[in-house]
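K.L.:
There are 2 protein chains.
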Amino acid sequence: MKLATLKNGTRDGRLVVVSADLSRCLGAGGAAPTLQAALDDWRAVEPELRALAETLERDASAGEPFGETKCASPLPRAYQWADGSAYVNHVELVRRARGAKMPESFWTDPLMYQGGSDSFLGPRDPIVMPTDEGWGIDMEGEVAVVTGDVPMGVTAEEARGLVRLVMLCNDVSLRGLIPGELAKGFGFFQSKPSSAFSPCAVTPDGLGGAWREGKLHLPLLVGLNGEPFGRADAGTDMTFDFGQLIAHAAKSRPLGAGTIIGSGTVSNRMEGGPGKPIAEGGVGYSCLAEIRMIETIEGGAPKTPFLRFGDAVSIEMTDADGRSIFGRIAQQVRRAG
Amino acid sequence: MKLATLKNGTRDGRLVVVSADLSRCLGAGGAAPTLQAALDDWRAVEPELRALAETLERDASAGEPFGETKCASPLPRAYQWADGSAYVNHVELVRRARGAKMPESFWTDPLMYQGGSDSFLGPRDPIVMPTDEGWGIDMEGEVAVVTGDVPMGVTAEEARGLVRLVMLCNDVSLRGLIPGELAKGFGFFQSKPSSAFSPCAVTPDGLGGAWREGKLHLPLLVGLNGEPFGRADAGTDMTFDFGQLIAHAAKSRPLGAGTIIGSGTVSNRMEGGPGKPIAEGGVGYSCLAEIRMIETIEGGAPKTPFLRFGDAVSIEMTDADGRSIFGRIAQQVRRAG
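First to last, the protein sequences are chains W and Z. Just add 1490 to the spot in the first sequence (first one is 1) and you have the numbering used here. Just add 1490 to the spot in the second sequence (first one is 1) and you have the numbering used here.
(1) Any heavy atom of the ligand MG closer than 7 Å to the beta-carbon of Ser-1688(W)?
(2) Lys-1705(W) CB to nearest chain Z CB: under 8 Å?
(3) Per DSSP, what kind of secondary structure is Glu-1554(W) in: helix, strand or coil?
(4) At the level of alpha carbons, what is the spacing between Ser-1575(Z) and Gly-1605(Z)?
(5) For Ala-1522(Z), count neighbouring Cβ atoms within 10 angstroms of its own Cβ and tell me buried if that reaches 16, exposed if not.
(6) Would Glu-1630(W) and Cys-1515(W) be called neighbours here (beta carbons separated by less than 8 Å)?
(7) Here's the rule I'm using: 16 or more other beta-carbon atoms within 10 Å means buried, otherwise exposed. How should Pro-1709(W) be labelled?
(8) Counting contacts by CB-CB distance shorter than 8 Å, is Met-1642(Z) in contact with chain W?
(9) When we look at the beta-carbon of Ser-1688(Z) and count the other beta-carbons within 10 Å, is it buried (16 or more) or exposed?
(10) Could you check the C-alpha separation between Val-1823(Z) and Gln-1680(Z) for me, to the nearest Å?
(11) Would you list, in chain order, the members of the segment 1603 to 1614 of chain Z that have their beta-carbon closer than 7 Å to a beta-carbon of chain W?
(12) Using C-beta distances below 6 Å, list every residue in its chain close to Ala-1802(W), excluding the 5 sequence neighbours before and after it, in chain order.
(13) Taking 7 Å as the limit between beta carbons, can you name the residues of its chain near Gln-1526(W), skipping five residues before and five after?
(14) Looking at the secondary structure, which residues open and close the beta strand (DSSP E) in which Leu-1708(Z) lies?
(15) Name the two residues that bound the continuous beta strand (DSSP E) containing Phe-1719(Z).
(16) Out of Cys-1690(W), Met-1807(W), Asp-1811(W), which has the shortest C-alpha to C-alpha gap to Thr-1559(W)?
(17) Between Phe-1730(Z) and chain W, is the shortest Cβ-Cβ distance under 8 Å, so that the two count as touching?
(18) Using the DSSP secondary-structure output, state which residues sit across from Arg-1702(Z) in a beta bridge.
(19) Grab me the residues of Pro-1616(W)'s own chain with a C-beta within less than 8 Å of its C-beta, minus the 5 sequence neighbours each way, in chain order.
(20) Ordered along the chain, which non-local residues of its own chain (more than five positions away) have a Cβ less than 8 Å from that of Arg-1540(W)?
(21) Check each residue of the segment 1720 to 1746 of chain W: if its Cβ is closer than 8 Å to any Cβ of chain Z, include it; give the result in chain order.
(22) Which two residues bound the contiguous alpha helix (DSSP H) that contains Arg-1782(W)?
(23) As an exercise, report each continuous beta strand (DSSP E) stretch of at least 3 residues that is fully enclosed by the segment 1520 to 1598 of chain Z, in chain order.
(24) Looking only at its own chain, which residues have a Cβ that is under 8 Å from the Cβ of Leu-1667(Z), when we skip the five neighbours before and after it?
(25) From Val-1584(Z) to Met-1592(Z), what distance separates their C-alpha atoms?
(26) Taking only the alpha-carbon atoms, compute the straight-line gap between Thr-1726(Z) and Lys-1497(W) and give it to the nearest angstrom.
(27) Output yes or no for whether 8 Å exceeds the beta carbon distance between Asn-1805(Z) and Val-1662(Z).
(28) Taking only three categories from DSSP, how would you classify Ala-1510(Z)?
(29) Pick out the complete beta strand (DSSP E) segments inside the segment 1624 to 1684 of chain W, 3 residues or longer, and give them in chain order.
(30) Out of Arg-1548(Z), Arg-1504(Z), Ser-1551(Z), state which residue places its alpha-carbon closest to the alpha-carbon of Ala-1562(Z).
(31) Can you check DSSP and say which residues form a bridge with Met-1728(W)?
(32) Ser-1749(Z) versus chain W: which residues are under 7 Å apart at the beta carbon?
(33) By the DSSP assignment, the beta strand (DSSP E) with Leu-1745(W) in it spans what residues?
(34) For Ala-1826(Z), does the count of other Cβ atoms within 10 angstroms reach 16, so buried, or fall short, so exposed?
(35) Give me the DSSP bridge partner(s) of Ser-1804(W).
(36) What are the residues in the segment 1530 to 1560 of chain Z lying within 9 Å of chain W by C-beta distance?
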């Protein structure tokens, strides 16, 4: 089952059920007005939403045309956004780019930061910034899950059963602000502006065999200004699965329904090394920081600039037949005001 | 005007307007069912809430009895909880207790972390933990504000005008988990379990002259197991006012209505030094970490233990006549399960 939120001038938008091929949708207002309302009462609402999804698949004339450009993020705002860094390969590369060493414990103890969740961008909304000088605007292509209510102290195995929905994410990062913030010791804040999520959120069963062991085993297609930039497999080199990430988040407190947990930037190793651009036969990258780090190692300095006003980023995932699963995140960087 | 949220079995509770003396309340359902709904549409809803408040003050028989024990936190869950550390004195002491030096920039650049906001505790709810061994359970007495919609890049002066409500907070901290988390560089997560807020949230004009220049100029009364533990003045030694804290939070993104911004642990210096317990003529402390640090300096080791199962913490603020302004946070630490 696929769900989306259409913009309608309200803060939380309007929940719709979307056909598997993303062509049509049916308003879900009779079941739940918003996705948060559905998650708050999932046991009662889910069967009604699934009935709408069945109608869409059975009757090709049912519903209205679905437009990704009309979408807000599935949760336009959420009560929690906790982003892991499960591709430890990425963490190691970014740290090396900053000249910082990575502790060995990072391979066994998940990294996770608390993100801002009050004002997500829609999947086609621009990334609006006051400056593109020095802030180091970067995309981060990720997979994210939405949970039901999670009790404190949940095990990773139990947590896997509490994944309600799966989405893609652009965790926008301001690389130029990160070193200063991390030096202060309180984690990211200004360096992590509003994130954007894919038009559709999909139930795990809607992903078929690609969803297993708490991971999504498909390439994440990242584009930059219309060119393929990354196609790293989200199921490969994911050191911690979503069950482990949720359990980490719930160690000392329960998590409310509608909590979003992110995977961190998807990143694959290549022959034990840091990987290569797509043009050179590699799977490329899901953020600019990685390629800049490799350029620094190879040539002494980064060549690829961070995002400038006018640059366009896309994030998508397709099935075996090349059809978009979640719809496409496609954002342009624009100057504020 | 004072607002509170009564528990009613739903996730967001039921909004009520409370009389200035905290004796009675009137349901606000006709204006807005929940506090978040009121904040989402404040311009339209505020006059209706104020009319209810006037009825309560004019007619001593109006309303139902108000019970602090029936309260959830004013926002039982929120879209954002960003906690500053505006009492730099406190930051310096806690760092010294950890053997860490504080950079000079901390006096000019606010510290702030993104907190979890999906599952706040009610003001009289227990603090439930699986263990009190090694986790270092501590209270942190704070002042917090709730904002309206804040545009990206807001100035501190503009931000002061966007403070909708003021509350007290117990920002529960797990001191034993902090050093390990901060060493990982991503800030607090497991070390900051669910916070609790005061029964009432009060509009700035409801605080009279005590609210000025973006600060609340009254002592924060912290109790431990029935004994006075702290009475530091929240308007003294607050290096950054709430306007500055909000502007810091909004540097690279807008803040959604209902964002909660915390002051950090209230802490006063004394004669240039770290202060003394109330019993020794000082204003005491708003958390255990501070007194433990001073004990360490004076005697080589801390004497005051962190909170154990059964310990009780209270946080309150009274007006010139000794009447409670926000109602009392009063929580006991209990074992999970």
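Virtual Cβ for every residue (Gly too), placed ideally from N, Cα, C. Values in this document were obtained by computation on a predicted structure and should not be read as measured data.
P.N.:
Here's the rundown:
(1) As presented, the structure is devoid of all ligands, the ligand MG included, so that no description of it is given.
(2) One-based indexing of the first sequence puts residue 1705(W) at position 215. No, its Cβ sits nowhere closer than 8 Å to a Cβ of chain Z.
(3) Counting from one through the first sequence, the residue named residue 1554(W) turns up at place 64. Here Glu-1554(W) sits in strand by DSSP.
(4) Indexing the second sequence from 1 puts residue 1575(Z) at position 85. Indexing the second sequence from 1 puts residue 1605(Z) at position 115. For Ser-1575(Z) and Gly-1605(Z), the distance between alpha carbons rounds to 13 Å.
(5) As a position in the second sequence, residue 1522(Z) is number 32, starting the count at 1. Ala-1522(Z) sits buried, since 16 or more C-beta atoms from the chains shown fall within 10 Å of its C-beta.
(6) Here residue 1630(W) refers to the residue found at position 140 when the first sequence is read from its first residue. Here residue 1515(W) refers to the residue found at position 25 when the first sequence is read from its first residue. Contact: no.
(7) Here residue 1709(W) refers to the residue found at position 219 when the first sequence is read from its first residue. By the neighbour-count definition (other C-beta atoms within 10 Å, threshold 16), Pro-1709(W) is a buried residue.
(8) Looking up residue 1642(Z) in the second sequence gives position 152. Residue-level contact check: Met-1642(Z) touches chain W, since one or more beta carbons of chain W fall below 8 Å from its beta carbon.
(9) If you number the second sequence from 1, residue 1688(Z) lands on position 198. Buried, by the Cβ-count rule.
(10) Within the second sequence, residue 1823(Z) is the residue found at index 333, counting from 1. Within the second sequence, residue 1680(Z) is the residue found at index 190, counting from 1. Cα-Cα distance, rounded: 17 Å.
(11) Within the segment 1603 to 1614 of chain Z, the residues whose Cβ lies closer than 7 Å to any Cβ of chain W are, in chain order, Tyr-1603, Gln-1604, Gly-1605, Gly-1606, Ser-1607, Asp-1608, Ser-1609.
(12) On the first sequence, residue 1802(W) is found 312 positions in, with the first residue counted as 1. For Ala-1802(W), same chain residues with a beta-carbon under 6 Å away, outside a window of 5 residues either side, are Asn-1715, Gln-1822 in chain order.
(13) Along the first sequence, one-based indexing puts residue 1526(W) at 36. Asp-1502, Leu-1565, Gly-1748.
(14) The sequence position of residue 1708(Z) within the second sequence is 218, counting from 1. Element bounds for Leu-1708(Z): n/a, residue is neither H nor E.
(15) Here the question's residue 1719(Z) lines up with position 229 in the second sequence. Where Phe-1719(Z) is concerned, the enclosing beta strand (DSSP E) stretches over 1717 to 1720.
(16) Position 69 of the first sequence, counted from the first residue, corresponds to residue 1559(W). That would be Cys-1690(W), whose Cα lies nearest to the Cα of Thr-1559(W).
(17) Here residue 1730(Z) corresponds to residue number 240 of the second sequence, with the count starting at 1. Closer than 8 Å: no.
(18) As a position in the second sequence, residue 1702(Z) is number 212, starting the count at 1. Answer by DSSP bridge pairing, in chain order: Lys-1705(Z).
(19) Taking the first sequence and counting its residues from 1, the one referred to as residue 1616(W) is at position 126. The residues Gln-1821, Gln-1822, Val-1823, Arg-1824, in chain order, have a CB closer than 8 Å to that of Pro-1616(W) in the same chain once the five nearest residues on each side in sequence are set aside.
(20) As a working note, residue 1540(W) is residue 50 in the first sequence. Take Arg-1540(W), set aside five residues on each side of it, and the residues of its chain with a beta-carbon closer than 8 Å to its own are Met-1491, in chain order.
(21) Going along the segment 1720 to 1746 of chain W in chain order, one finds His-1738, Ala-1739, Lys-1741, Ser-1742, Arg-1743, Pro-1744, Leu-1745, Gly-1746 with a Cβ nearer than 8 Å to chain Z.
(22) As a working mapping, residue 1782(W) is identified with position 292 in the first sequence. Element bounds for Arg-1782(W): 1778 to 1789.
(23) The beta strand (DSSP E) runs lying completely inside the segment 1520 to 1598 of chain Z and spanning 3 residues or more are 1571 to 1574, given in chain order.
(24) Your numbering for residue 1667(Z) matches position 177 in the second sequence. Cβ contact annotation for Leu-1667(Z) (same chain, cutoff 8 Å, sequence separation greater than five): Trp-1625, Gly-1626, Gln-1680, Ser-1681, in chain order.
(25) Here residue 1584(Z) is taken as the residue at index 94 of the second sequence, counted from 1. Here residue 1592(Z) is taken as the residue at index 102 of the second sequence, counted from 1. Computed Cα separation, rounded: 10 Å.
(26) Taking the first residue of the second sequence as position 1, residue 1726(Z) is located at position 236. Taking the first residue of the first sequence as position 1, residue 1497(W) is located at position 7. Spanning the two alpha carbons is a distance of roughly 45 Å.
(27) The residue labelled residue 1805(Z) in the question sits at position 315 within the second sequence. The residue labelled residue 1662(Z) in the question sits at position 172 within the second sequence. The sequence shown places Ile at residue 1805(Z), not Asn. No. Outside cutoff.
(28) Stepping through the second sequence from its first residue, residue 1510(Z) is reached at position 20. Coil at Ala-1510(Z), not helix or strand.
(29) Runs found: 1631 to 1637, 1653 to 1660.
(30) Stepping through the second sequence from its first residue, residue 1562(Z) is reached at position 72. The residue with the shortest Cα to Cα distance from Ala-1562(Z) is Arg-1504(Z).
(31) Taking the first residue of the first sequence as 1, we reach residue 1728(W) at position 238. Looking at the DSSP assignment, Met-1728(W) forms no beta bridge with any residue, so it has no partner.
(32) Against the second sequence, residue 1749(Z) aligns to sequence position 259. Rather than Ser, the amino acid found at residue 1749(Z) in this sequence is Thr. Neighbours of Thr-1749(Z) on chain W, chain order: Asp-1608.
(33) Taking the first sequence and counting its residues from 1, one reaches residue 1745(W) at position 255. Careful: Leu-1745(W) lies outside any beta strand (DSSP E) and carries neither H nor E.
(34) Here residue 1826(Z) refers to the residue found at position 336 when the second sequence is read from its first residue. Exposed, since its Cβ has fewer than 16 Cβ neighbours within 10 Å.
(35) For this step, residue 1804(W) is matched to residue 314 along the first sequence. DSSP output for Ser-1804(W) lists Gly-1713(W), Ala-1820(W) as bridge partner(s).
(36) Hits within the stretch, in order: Asp-1530.
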